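Engineer:
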(Lines of atoms letter the chains of each structure in order from A and count residues from 1; the text may use other names and numbers.)
(Lines give C-alpha, C1' and ligand atoms only; values in the text may rest on other atoms or scores of the structure.)
Protein backbone atom coordinates (compact mmCIF):
# COMPACT_ATOMS: atom_id res chain seq x y z
CA UNK A 1 0.00 0.00 0.00
CA UNK A 2 1.26 3.46 -0.92
CA UNK A 3 1.30 6.25 1.67
CA UNK A 4 1.27 9.95 0.82
CA UNK A 5 2.07 12.43 3.58
CA UNK A 6 0.35 15.62 2.50
CA UNK A 7 -0.94 16.89 -0.83
CA UNK A 8 2.60 17.60 -1.99
CA UNK A 9 3.27 13.84 -2.06
CA UNK A 10 0.48 13.09 -4.52
CA UNK A 11 1.42 11.92 -8.01
CA UNK A 12 0.72 14.35 -10.81
CA UNK A 13 -1.56 13.88 -12.56
CA UNK A 14 -3.68 11.64 -10.35
CA UNK A 15 -5.87 9.17 -12.19
CA UNK A 16 -9.56 8.65 -11.32
CA UNK A 17 -10.19 6.84 -8.05
CA UNK A 18 -12.66 6.00 -5.33
CA UNK A 19 -12.01 7.80 -2.03
CA UNK A 20 -13.07 6.98 1.53
CA UNK A 21 -12.54 9.90 3.88
CA UNK A 22 -12.57 10.15 7.69
CA UNK A 23 -10.48 10.12 10.88
CA UNK A 24 -10.72 6.31 11.13
CA UNK A 25 -9.45 6.26 14.73
CA UNK A 26 -9.42 2.58 15.70
CA UNK A 27 -10.84 1.44 12.33
CA UNK A 28 -13.89 0.03 14.14
CA UNK A 29 -16.78 -1.86 12.55
CA UNK A 30 -18.51 1.36 11.49
CA UNK A 31 -15.35 2.48 9.71
CA UNK A 32 -15.01 -0.99 8.20
CA UNK A 33 -18.45 -0.63 6.62
CA UNK A 34 -17.36 2.63 4.95
CA UNK A 35 -14.17 0.99 3.70
CA UNK A 36 -16.02 -2.07 2.41
CA UNK A 37 -18.43 0.17 0.48
CA UNK A 38 -15.54 2.10 -1.04
CA UNK A 39 -13.79 -1.14 -2.00
CA UNK A 40 -17.00 -2.34 -3.70
CA UNK A 41 -17.29 0.88 -5.73
CA UNK A 42 -13.62 0.60 -6.73
CA UNK A 43 -13.94 -3.02 -7.84
CA UNK A 44 -17.10 -2.32 -9.84
CA UNK A 45 -15.37 0.53 -11.70
CA UNK A 46 -11.92 -1.07 -11.90
CA UNK A 47 -10.47 1.93 -10.04
CA UNK A 48 -8.02 2.15 -7.14
CA UNK A 49 -9.42 2.77 -3.66
CA UNK A 50 -7.75 5.57 -1.74
CA UNK A 51 -8.31 6.64 1.85
CA UNK A 52 -7.97 10.20 3.15
CA UNK A 53 -7.32 10.49 6.88
CA UNK A 54 -5.96 13.15 9.21
CA UNK A 55 -3.11 13.28 11.69
CA UNK A 56 -3.10 14.41 14.41
CA UNK A 57 -6.71 14.17 15.56
CA UNK A 58 -8.38 17.56 14.90
CA UNK A 59 -9.08 18.05 18.62
CA UNK A 60 -5.34 18.03 19.33
CA UNK A 61 -5.10 21.24 17.30
CA UNK A 62 -8.49 22.83 17.96
CA UNK A 63 -9.14 21.87 21.62
CA UNK A 64 -6.05 20.22 23.07
CA UNK A 65 -7.43 20.37 26.62
CA UNK A 66 -10.12 17.84 25.65
CA UNK A 67 -8.27 15.90 22.95
CA UNK A 68 -9.14 12.20 23.22
CA UNK A 69 -6.67 9.41 23.69
CA UNK A 70 -6.21 7.58 20.41
CA UNK A 71 -7.14 3.94 19.78
CA UNK A 72 -3.91 3.26 17.92
CA UNK A 73 -0.86 4.94 16.47
CA UNK A 74 -0.83 6.27 12.92
CA UNK A 75 1.18 3.18 11.97
CA UNK A 76 -1.55 0.95 13.46
CA UNK A 77 -4.20 2.86 11.51
CA UNK A 78 -2.33 2.52 8.23
CA UNK A 79 -1.89 -1.23 8.72
CA UNK A 80 -5.60 -1.66 9.37
CA UNK A 81 -6.61 0.51 6.42
CA UNK A 82 -4.43 -1.67 4.20
CA UNK A 83 -6.04 -4.79 5.65
CA UNK A 84 -9.46 -3.40 4.74
CA UNK A 85 -8.68 -2.82 1.10
CA UNK A 86 -6.95 0.55 0.72
CA UNK A 87 -4.59 0.77 -2.24
CA UNK A 88 -3.13 4.05 -0.95
CA UNK A 89 -3.65 6.44 1.96
CA UNK A 90 -3.30 10.20 1.91
CA UNK A 91 -2.40 11.37 5.42
CA UNK A 92 -3.39 15.03 5.64
CA UNK A 93 -1.49 16.90 8.39
CA UNK A 94 -4.20 18.60 10.45
CA UNK A 95 -3.14 22.15 11.28
CA UNK A 96 -4.80 25.38 12.34
CA UNK A 97 -4.41 26.56 8.74
CA UNK A 98 -6.22 23.49 7.42
CA UNK A 99 -9.00 23.94 9.97
CA UNK A 100 -9.56 27.50 8.72
CA UNK A 101 -10.13 26.69 5.05
CA UNK A 102 -13.69 26.50 3.79
CA UNK A 103 -15.44 23.27 2.91
CA UNK A 104 -15.45 24.38 -0.73
CA UNK A 105 -11.67 24.87 -0.69
CA UNK A 106 -11.13 21.53 1.05
CA UNK A 107 -13.17 19.64 -1.54
CA UNK A 108 -11.37 21.23 -4.44
CA UNK A 109 -7.87 20.85 -2.98
CA UNK A 110 -8.18 17.25 -1.79
CA UNK A 111 -10.91 15.45 -3.70
CA UNK A 112 -11.08 17.24 -7.04
CA UNK A 113 -7.68 18.74 -7.88
CA UNK A 114 -5.69 16.45 -5.59
CA UNK A 115 -7.11 12.98 -6.18
CA UNK A 116 -9.51 13.30 -9.12
CA UNK A 117 -12.15 11.39 -7.15
CA UNK A 118 -15.00 9.77 -9.05
CA UNK A 119 -16.77 8.37 -6.00
CA UNK A 120 -16.43 9.64 -2.43
CA UNK A 121 -17.60 7.41 0.45
CA UNK A 122 -18.20 8.83 3.94
CA UNK A 123 -20.14 8.03 7.08
CA UNK A 124 -23.58 9.62 7.25
CA UNK A 125 -22.45 11.99 10.03
CA UNK A 126 -19.29 13.17 8.25
CA UNK A 127 -18.53 16.91 8.41
CA UNK A 128 -15.54 18.91 7.22
CA UNK A 129 -14.19 22.38 6.51
CA UNK A 130 -14.08 25.50 8.67
CA UNK A 131 -16.61 25.25 11.49
CA UNK A 132 -17.51 21.74 10.24
CA UNK A 133 -19.82 23.49 7.78
CA UNK A 134 -19.52 20.83 5.08
CA UNK A 135 -22.04 18.04 5.64
CA UNK A 136 -23.14 15.26 3.29
CA UNK A 137 -25.70 17.48 1.50
CA UNK A 138 -23.03 20.10 0.85
CA UNK A 139 -20.59 17.47 -0.38
CA UNK A 140 -23.16 16.09 -2.80
CA UNK A 141 -23.71 19.56 -4.21
CA UNK A 142 -19.95 19.93 -4.60
CA UNK A 143 -19.83 16.54 -6.28
CA UNK A 144 -22.26 17.69 -8.94
CA UNK A 145 -20.00 20.68 -9.54
CA UNK A 146 -16.70 18.77 -9.60
CA UNK A 147 -17.73 15.50 -11.17
CA UNK A 148 -17.93 12.96 -8.35
CA UNK A 149 -20.77 11.14 -6.62
CA UNK A 150 -21.10 10.82 -2.86
CA UNK A 151 -22.14 7.64 -1.06
CA UNK A 152 -23.02 8.31 2.59
CA UNK A 153 -22.97 5.04 4.52
CA UNK A 154 -25.58 4.61 7.21
CA UNK A 155 -24.22 4.50 10.74
CA UNK A 156 -23.81 1.08 12.27
CA UNK A 157 -25.12 0.36 15.77
CA UNK A 158 -26.09 -2.36 18.21
CA UNK A 159 -28.86 -2.50 20.83
CA UNK A 160 -27.11 0.16 22.92
CA UNK A 161 -25.87 2.91 20.59
CA UNK A 162 -24.04 3.56 17.35
CA UNK A 163 -20.49 2.39 16.85
CA UNK A 164 -17.96 5.17 17.41
CA UNK A 165 -14.40 5.71 18.58
CA UNK A 166 -15.78 7.74 21.50
CA UNK A 167 -17.86 4.79 22.66
CA UNK A 168 -14.84 2.47 22.47
CA UNK A 169 -12.90 4.88 24.71
CA UNK A 170 -15.80 5.00 27.16
CA UNK A 171 -15.91 1.22 27.40
CA UNK A 172 -12.14 0.98 27.90
CA UNK A 173 -12.38 3.58 30.67
CA UNK A 174 -14.59 1.23 32.71
CA UNK A 175 -12.59 -1.91 31.84
CA UNK A 176 -15.16 -3.36 29.45
CA UNK A 177 -12.62 -4.64 26.94
CA UNK A 178 -15.07 -7.28 25.69
CA UNK A 179 -17.58 -4.54 24.84
CA UNK A 180 -14.85 -2.53 23.11
CA UNK A 181 -13.90 -5.60 21.07
CA UNK A 182 -17.52 -5.95 19.95
CA UNK A 183 -17.36 -2.49 18.35
CA UNK A 184 -13.81 -2.81 17.02
CA UNK A 185 -14.39 -6.25 15.54
CA UNK A 186 -11.23 -7.47 17.28
CA UNK A 187 -9.63 -7.22 20.75
CA UNK A 188 -8.35 -3.81 21.76
CA UNK A 189 -4.58 -3.90 21.26
CA UNK A 190 -1.62 -1.83 22.38
CA UNK A 191 1.78 -2.19 20.76
CA UNK A 192 5.21 -1.10 21.91
CA UNK A 193 8.77 -2.17 22.67
CA UNK A 194 9.44 -4.36 25.70
CA UNK A 195 11.50 -2.44 28.25
CA UNK A 196 13.21 -3.44 31.48
CA UNK A 197 11.19 -2.82 34.60
CA UNK A 198 11.95 -3.29 38.30
CA UNK A 199 12.15 -7.12 37.84
CA UNK A 200 9.53 -7.57 40.59
CA UNK A 201 7.54 -10.06 38.52
CA UNK A 202 10.59 -12.24 37.96
CA UNK A 203 11.40 -12.16 41.68
CA UNK A 204 7.82 -13.26 42.41
CA UNK A 205 7.99 -16.12 39.91
CA UNK A 206 5.89 -14.34 37.26
CA UNK A 207 8.29 -12.62 34.82
CA UNK A 208 6.44 -9.99 32.82
CA UNK A 209 6.98 -8.17 29.55
CA UNK A 210 6.73 -4.44 30.28
CA UNK A 211 5.45 -2.46 27.29
CA UNK A 212 6.41 1.13 26.59
CA UNK A 213 3.06 2.54 25.42
CA UNK A 214 2.84 6.04 23.91
CA UNK A 215 1.11 8.57 26.18
CA UNK A 216 -1.38 9.51 23.47
CA UNK A 217 -2.89 6.01 23.36
CA UNK A 218 -6.00 4.99 25.28
CA UNK A 219 -5.45 2.46 28.03
CA UNK A 220 -8.07 0.25 29.68
CA UNK A 221 -9.06 0.92 33.28
CA UNK A 222 -6.35 -0.05 35.76
CA UNK A 223 -6.75 -3.71 36.59
CA UNK A 224 -5.86 -7.26 35.61
CA UNK A 225 -7.01 -8.77 32.31
CA UNK A 226 -6.84 -11.99 30.33
CA UNK A 227 -5.46 -11.64 26.83
CA UNK A 228 -2.71 -12.45 24.40
CA UNK A 229 0.86 -11.32 23.86
CA UNK A 230 1.73 -11.31 20.16
CA UNK A 231 5.36 -11.51 19.02
CA UNK A 232 5.41 -11.59 15.24
CA UNK A 233 3.54 -14.74 14.25
CA UNK A 234 3.60 -16.18 17.79
CA UNK A 235 0.59 -15.69 20.09
CA UNK A 236 0.90 -16.46 23.77
CA UNK A 237 -1.94 -16.57 26.37
CA UNK A 238 -1.25 -14.00 29.07
CA UNK A 239 -2.40 -12.36 32.28
CA UNK A 240 -2.08 -8.61 31.77
CA UNK A 241 -1.70 -5.92 34.42
CA UNK A 242 -2.50 -2.26 33.76
CA UNK A 243 -1.62 0.38 36.36
CA UNK A 244 0.89 1.30 39.02
CA UNK A 245 0.93 -1.77 41.27
CA UNK A 246 -0.23 -0.21 44.59
CA UNK A 247 1.45 -2.92 46.67
CA UNK A 248 4.79 -1.26 45.94
CA UNK A 249 5.76 2.35 46.61
CA UNK A 250 6.76 4.57 43.68
CA UNK A 251 5.62 2.04 41.07
CA UNK A 252 5.11 3.57 37.63
CA UNK A 253 2.02 3.20 35.46
CA UNK A 254 2.55 0.53 32.84
CA UNK A 255 1.18 -2.38 30.86
CA UNK A 256 2.73 -5.71 31.87
CA UNK A 257 2.01 -9.14 30.41
CA UNK A 258 2.86 -12.48 32.01
CA UNK A 259 2.86 -15.25 29.41
CA UNK A 260 1.22 -18.25 31.06
CA UNK A 261 3.66 -20.94 32.15
CA UNK A 262 6.61 -19.45 30.22
CA UNK A 263 9.75 -18.16 31.92
CA UNK A 264 12.13 -18.71 29.00
CA UNK A 265 11.06 -15.91 26.64
CA UNK A 266 13.54 -13.12 25.94
CA UNK A 267 11.46 -10.22 24.64
CA UNK A 268 13.58 -7.22 25.69
CA UNK A 269 13.79 -4.67 22.93
CA UNK A 270 11.24 -6.44 20.75
CA UNK A 271 8.11 -4.68 19.52
CA UNK A 272 5.15 -6.75 20.69
CA UNK A 273 1.39 -6.35 20.95
CA UNK A 274 -0.94 -7.05 23.85
CA UNK A 275 -4.57 -7.94 23.09
CA UNK A 276 -7.14 -7.43 25.87
CA UNK A 277 -9.83 -10.12 25.97
CA UNK A 278 -11.53 -9.99 29.38
CA UNK A 279 -11.41 -8.05 32.66
CA UNK A 280 -10.43 -10.18 35.66
CA UNK A 281 -10.20 -7.88 38.69
CA UNK A 282 -9.44 -4.40 40.00
CA UNK A 283 -5.91 -3.27 40.77
CA UNK A 284 -5.75 -3.40 44.58
CA UNK A 285 -2.98 -3.22 47.20
CA UNK A 286 -2.00 -6.34 49.14
CA UNK A 287 -0.64 -6.61 52.67
CA UNK A 288 2.68 -8.12 51.73
CA UNK A 289 4.26 -10.31 49.09
CA UNK A 290 2.58 -13.64 49.88
CA UNK A 291 -1.01 -12.38 49.41
CA UNK A 292 0.11 -10.75 46.16
CA UNK A 293 1.62 -14.03 44.92
CA UNK A 294 -1.57 -15.90 45.77
CA UNK A 295 -3.61 -13.34 43.86
CA UNK A 296 -1.29 -13.63 40.87
CA UNK A 297 -1.66 -17.42 40.90
CA UNK A 298 -5.43 -16.96 40.89
CA UNK A 299 -5.14 -14.45 38.03
CA UNK A 300 -3.18 -16.98 35.97
CA UNK A 301 -5.75 -19.71 36.54
CA UNK A 302 -8.63 -17.40 35.66
CA UNK A 303 -6.84 -16.18 32.53
CA UNK A 304 -6.23 -19.81 31.54
CA UNK A 305 -9.94 -20.58 31.99
CA UNK A 306 -11.10 -17.54 30.03
CA UNK A 307 -8.67 -18.11 27.15
CA UNK A 308 -9.04 -21.88 27.07
CA UNK A 309 -5.27 -22.14 27.37
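Numbering (my numbering), first residue to last: 4 to 312.
Ideal Cβ positions, reconstructed from N, Cα and C, are used throughout, including at glycine.
It should be emphasised that the depicted structure is a prediction, and the values quoted were computed from it without experimental measurement.
So what does DSSP say about residue 12, is it helix, strand or coil?
Structural biologist: Here the question's residue 12 lines up with position 9 in the chain shown. Looking at residue 12 - three-state DSSP - the assignment turns out to be helix.
Engineer: Hey, residue 90 and residue 45: beta-carbon distance below 9 Å or not?
Structural biologist: As a position in the chain shown, residue 90 is number 87, starting the count at 1. As a position in the chain shown, residue 45 is number 42, starting the count at 1. Contact flag set, yes.
Engineer: Curious, which full-length alpha helix (DSSP H) runs of at least 4 residues does the stretch 84 to 147 contain?
Structural biologist: Listed in chain order, the complete alpha helix (DSSP H) runs (minimum 4 residues) inside the stretch 84 to 147 are 99 to 103, 106 to 109.
Engineer: When burial is assigned at 16 or more other CB atoms within 10 Å of the CB, is residue 306 buried or exposed?
Structural biologist: Walking along the chain shown from the start, residue 306 turns up at place 303. Buried, by the Cβ-count rule.
Engineer: Do you know how far the Cα of residue 40 is from the Cα of residue 94?
Structural biologist: Residue mapping note: residue 94 aligns to position 91 of the chain shown, counting from 1. Residue mapping note: residue 40 aligns to position 37 of the chain shown, counting from 1. Using only the alpha carbons, I get a separation of about 20 Å.
Engineer: Out of 68, 98, 26, which one is the CA nearest neighbour of residue 81?
Structural biologist: As a working mapping, residue 81 is identified with position 78 in the chain shown. Nearest option by C-alpha distance: 26.
Engineer: Quick check: the Cα distance between residue 86 and residue 32, rounded to an integer number of angstroms?
Structural biologist: As a first step, residue 86 is located in the chain shown; it is residue number 83 there, counting from the start. As a first step, residue 32 is located in the chain shown; it is residue number 29 there, counting from the start. For residue 86 and residue 32, the distance between alpha carbons rounds to 13 Å.
Engineer: Have a look at residue 22 and residue 292 and give me their C-alpha separation to the nearest angstrom.
Structural biologist: Numbered from its first residue, the chain shown carries residue 22 at position 19. Numbered from its first residue, the chain shown carries residue 292 at position 289. Distance between the alpha carbons of residue 22 and residue 292 is about 57 Å.
Engineer: Please classify residue 74: is it buried, with 16 or more other beta-carbons within 10 angstroms of its beta-carbon, or exposed?
Structural biologist: Reading the chain shown from its first residue, position 71 is the one you call residue 74. With 16 or more Cβ atoms within 10 Å of its Cβ, residue 74 is classed as buried.
Engineer: Taking C-alpha atoms, which residue in 150, 136, 215, 161 lies nearest to residue 246?
Structural biologist: By one-based count along the chain shown, residue 246 stands at place 243. Closest by alpha carbon: 215.
Engineer: Which residue marks the beginning of the beta strand (DSSP E) containing residue 234, and which one marks its end?
Structural biologist: Position 231 of the chain shown, counted from the start, is the residue given in the question as residue 234. Residues 226 to 234.
Engineer: If the criterion is Cβ atoms closer than 9 Å, does the pair residue 275 and residue 233 meet it?
Structural biologist: Translated into the one-based positions of the chain shown, residue 275 becomes position 272. Translated into the one-based positions of the chain shown, residue 233 becomes position 230. Here residue 275 is near residue 233, since their CB atoms are less than 9 Å apart.
Engineer: Between the C-alpha atoms of residue 280 and residue 236, what's the straight-line distance to the nearest angstrom?
Structural biologist: Translated into positions along the chain shown, residue 280 becomes position 277. Translated into positions along the chain shown, residue 236 becomes position 233. Here the C-alpha atom of residue 280 lies approximately 18 Å from the C-alpha atom of residue 236.
Engineer: Tell me the DSSP bridge mates of residue 179?
Structural biologist: Position 176 of the chain shown holds residue 179. In the DSSP output, where bridge partners are listed per residue, residue 179 has none listed.
Engineer: Between which two residues does the alpha helix (DSSP H) carrying residue 286 extend?
Structural biologist: Counted from its first residue, the chain shown places residue 286 at position 283. Residue 286 -> no alpha helix (DSSP H), and no H or E assigned at all.
Engineer: What alpha helix (DSSP H) runs, 4 residues minimum, are completely inside the stretch 38 to 83?
Structural biologist: 61 to 65
Engineer: If you drop the 5 nearest sequence neighbours on each side, which residues of the same chain put their C-beta closer than 6 Å to that of residue 145?
Structural biologist: Here residue 145 refers to the residue found at position 142 of the chain shown. Closer than 6 Å at the Cβ level, and outside the excluded window around residue 145, lie 110.
Engineer: Under DSSP, the beta strand (DSSP E) around residue 270 begins and ends at which residues?
Structural biologist: In the chain shown, counting from the first residue as 1, residue 270 sits at position 267. Counting along the chain, residue 270 falls outside any beta strand (DSSP E), and DSSP gives it neither H nor E.
Engineer: Within the same chain, show all residues whose beta-carbon is closer than 7 Å to that of residue 65, passing over the 5 residues directly before and after it, in chain order.
Structural biologist: As a working mapping, residue 65 is identified with position 62 in the chain shown. Cβ neighbours of residue 65 beyond the five flanking positions: 102.
Engineer: Can you tell me whether DSSP reads residue 219 as helix, strand or coil?
Structural biologist: As a position in the chain shown, residue 219 is number 216, starting the count at 1. Looking at residue 219 - three-state DSSP - the assignment turns out to be coil, as it is neither helix nor strand.
Engineer: Can you list, in chain order, the residues of its chain with a C-beta nearer than 8 Å to that of residue 179? Leave out the 5 residues immediately preceding and following it.
Structural biologist: If you number the chain shown from 1, residue 179 lands on position 176. Closer than 8 Å at the Cβ level, and outside the excluded window around residue 179, lie 282.
Engineer: With a threshold of 9 Å between beta-carbons, can residue 284 be considered close to chain B, or not?
Structural biologist: Of the protein chains in the structure, only one exists, and it is not chain B.
Engineer: Kindly indicate which residue of 259, 258, 225 has the alpha-carbon position closest to the one of residue 284.
Structural biologist: Locating residue 284 in the chain shown gives position 281, counting from the first residue. When each option's Cα is compared against that of residue 284, the closest is 225.
Engineer: On the premise that residue 58 lies in contact with residue 77, defined as a C-beta separation below 8 Å, what is that separation, rounded to the nearest angstrom?
Structural biologist: On the chain shown, position 74 is the one that residue 77 refers to. On the chain shown, position 55 is the one that residue 58 refers to. 5 Å between Cβ atoms; contact.
Engineer: Between which two residues does the alpha helix (DSSP H) harbouring residue 294 extend?
Structural biologist: Reading the chain shown from its first residue, position 291 is the one you call residue 294. Looking at the DSSP string, the run of the alpha helix (DSSP H) that includes residue 294 is 292 to 310.
Engineer: In whole angstroms, give me the CA-to-CA distance for residue 190 and residue 184.
Structural biologist: Position 187 of the chain shown, counting from 1, holds the residue named residue 190. Position 181 of the chain shown, counting from 1, holds the residue named residue 184. The alpha-carbon atoms of residue 190 and residue 184 are separated by roughly 5 Å.
Engineer: Measuring straight from C-alpha to C-alpha, what distance separates residue 335 and residue 19?
Structural biologist: Residue 335 is absent from the model: the chain starts at 4 and stops at 312.
Engineer: From this set, 11, 195, 35, 51, which residue's C-alpha is nearest residue 121's C-alpha?
Structural biologist: By one-based count along the chain shown, residue 121 stands at place 118. The shortest Cα separation from residue 121 among 11, 195, 35, 51 belongs to 51.
Engineer: Let me confirm a value: residue 197 is counted as buried when at least 16 other C-beta atoms fall within 10 Å, else exposed. Which label applies?
Structural biologist: As a position in the chain shown, residue 197 is number 194, starting the count at 1. Classification for residue 197: buried.
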